[in-house]
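These notes concern the structure reproduced below.
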Amino acid sequence: MSTPKPNRFVRQFALTQGRARSIGTDLPLDTQVQTTLSGRNRERELVAESAAILRMCRTPISIAEISAHLHVHLGVARVLVSDLAATGDVAVTTADHDENGPDLLTLERLLDDLQAL
Amino acid sequence: MKIVIAGGFAAGKTTFVDSISEITPLTTEAPMTSASFGVDDASMVATKTTTTVAMDFGRITLSETTVLYLFGTPGQDRFWFMWDELSKGAVGAIVLVDTRRLADCFAALDYFDKRSLPYLVALNTFDGKLVHDAEAVREALTIPDDVPVMAVDARERVSTKTALVSLVAHAIDRKRAAALV
């Protein structure tokens, strides 16, 4: 006898113990997430989604990518990543510029890099 | 870093991202809850509906330390706070315009017109043809003179790369001009 599958949104809610965060707070979508050395050893101890994050972040990827690959909402991905960062299993890097965007030097480097593509 | 790719429905945002992204465009979703009033019965019961806003995006790795994300705005115009989230701290925005349906881009142009984020207008040449030229579109859409307007073929990497380069150059010009004030 099979148990009915909970709908995906309810399940995501359960993953984060109800702590859905509102959009616009906390980690930006393009925050880079990378599994730490200690995080690599912890994969087996963690629930499926968190273990999956540790696997996929061996090379840095963004929270938006984590959300897309795991098929979870952005807010859920943020909470899962925050939890993993709190336990030292991932390192989180946000861009070092404010809401006015990158500074002139960064933009000039970006221009060079884009032209070289 | 991120660049916002904006525009009306089917203006070519995902095509644009796909042409230059090193990964196949991905989709991230966020739930938006809105309250609405049902008028099925006399008591006007409020019901909550959950809509999901979806954004397509791509990535370009420029160096070991630099990654550029291209985020497409949600298809629906009304989720402005998601546009705010995408625009915050961005390098700038490219507003894609389908010249066969100019009205579809009004909302996007209005949005950026009211803000300080550098942006340019890219006229998507469907079937390789521009229905109206850049200056005619500028007039028709009352695009300010200091906003670049250019043609782009959203399917072609060479063309979309040029648009991105132009946007960053424009952002640099704006920053330099601001520094002189």
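If you read the protein sequences in the order shown, they are chains A and B.
Sequential numbering of the first sequence, starting at 28, is according to the numbering used here.
Sequential numbering of the second sequence, starting at 373, is according to the numbering used here.
All C-beta atoms in this analysis are idealised placements derived from N, C-alpha and C, irrespective of residue type, glycine included.
Note that the coordinates shown come from a computational prediction; the quantities given were computed from them, not determined experimentally.
- Proximity to residue 527 (chain B) across B:431, B:496 and B:427 peaks at B:496, based on C-alpha coordinates.
- In this chain, the beta strand (DSSP E) harbouring residue 470 (chain B) covers 464-470.
- Under the 8 Å criterion on CB atoms, residue 540 (chain B) is classed as interfacial with respect to chain A.
- Residues of chain A with a Cβ closer than 8 Å to the Cβ of residue 463 (chain B) are, in chain order, 128, 129, 134 and 137.
- Within 9 Å of the CB of residue 61 (chain A), no CB atom of chain B is found; the nearest one sits about 12 Å away.
- Taking the Cα of residue 84 (chain A) as reference, the smallest distance to any Cα among A:125, A:133, A:63 and A:103 is reached at A:63.
- Nearest Cα to residue 537 (chain B) within the set B:503, B:509 and B:466: B:466.
- Taking one beta carbon from each stretch, the region 106-115 of chain A and the region 426-436 of chain B have fewer than 3 pairs nearer than 8 Å; the two do not touch.
- Interface with chain A (8 Å Cβ-Cβ cutoff): residue 522 (chain B) is excluded.
- Per DSSP, reduced to three states, the secondary structure at residue 142 (chain A) is helical.
- The Cβ-Cβ distance between residue 134 (chain A) and residue 543 (chain B) falls below 8 Å.
- Counting along the chain, residue 522 (chain B) sits inside the beta strand (DSSP E) bounded by residues 521-524.
- A check of alpha carbon separations from residue 455 (chain B) across B:549, B:487 and B:422 identifies B:487 as the nearest.
- For residue 503 (chain B), the secondary structure class from DSSP, reduced to helix, strand or coil, is coil.
- For residue 441 (chain B), the nearest CB of chain A lies under 8 Å from its own CB, placing it at the interface with that chain.
- Taking a Cβ-Cβ cut-off of 8 Å, the neighbours of residue 374 (chain B) in chain A comprise 56 and 57, given in sequence order.
- Against chain B, a Cβ distance below 8 Å from residue 102 (chain A) picks out 402 and 403.
- For residue 457 (chain B), the number of other beta carbons within 10 angstroms of its own is at least 16, and it is reported as buried.
- Using beta-carbon distances, residue 89 (chain A) counts as an interface residue toward chain B, with a partner under 8 Å.
- Using a Cβ-Cβ cut-off of 9 Å, residue 548 (chain B) is close to 131 of chain A, given in chain order.
- In the DSSP assignment, residue 496 (chain B) falls outside any alpha helix (DSSP H) and lies within the beta strand (DSSP E) extending over 491-496.
- At a cut-off of 8 Å between beta carbons, residue 81 (chain A) makes no contact with chain B.
- Contact between the region 499-519 of chain B and the region 92-103 of chain A is not established, with fewer than three Cβ pairs separated by less than 8 Å.
- Chain order gives the chain B residues near residue 95 (chain A) as 398, 399 and 400, where near means a beta carbon separation below 7 Å.
- Chain A places no beta carbon closer than 8 Å to that of residue 389 (chain B), leaving this residue out of the contacts.
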